[in-house]
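Working notes for the structure below.
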Amino acid sequence: MKKLFLISAITISAFSFSQQAELFKIRKYRIGNLEDKVKETSGLSLMNGKLYTFNDSGNSPELFELDKSTGQIIGTIQINAKNKDWEALTNDGKNFYIGDFGNNSGTRKDLEI
């Protein structure tokens, strides 16, 4: 009886979780290709209906405004900071905040936002 209960419980759980997984499936859609100038995008942020990104470490310190329908660059904002290893981008509706805290080797001490 215990074996039957255990097998039944496992079977019911397996079917329940597989149905729940369907509810949370993320669908991906390609809306366009990023231009070659966006070599290694590492952060993405939506501010005032506009989409922004930047390149990862060693690239120019600039944000690219992207067309949300095509992914094409429609504007560039120069940032007065060095891009040591930018990893994250967010905003508060007025200002951007760039996380310069890439630290693959675990030796950086100058992490900053």
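Counted the way this note's numbering counts, the sequence shown spans residues 23 to 135. The beta carbon of each residue, even a glycine, is placed where N, CA and C say it ideally should be. Please read all numbers here as calculations on a predicted model, not as lab measurements.
Whole-angstrom distance between residue j and residue i, CA atom to CA atom
| i | j | result |
| --- | --- | --- |
| residue 97 | residue 117 | 17 Å |
| residue 7 | residue 114 | One cannot answer for residue 7 here, as it falls past the ends of the chain, which runs 23 to 135. |
| residue 71 | residue 120 | 19 Å |
| residue 80 | residue 48 | 32 Å |
DSSP bridge partner residues for residue i (one or two, in chain order)
| i | result |
| --- | --- |
| residue 75 | 66, 86 |
| residue 118 | 113 |
Classification of residue i by the beta-carbon crowding that lies within 10 angstroms, buried from 16 upward
| i | result |
| --- | --- |
| residue 46 | exposed |
| residue 53 | exposed |
| residue 77 | buried |
| residue 105 | buried |
| residue 65 | buried |
| residue 85 | buried |
| residue 111 | buried |
| residue 88 | buried |
| residue 122 | buried |
Per-residue DSSP class, three states only, for residue i
| i | result |
| --- | --- |
| residue 103 | coil |
| residue 80 | coil |
| residue 55 | coil |
| residue 48 | coil |
| residue 98 | strand |
| residue 133 | coil |
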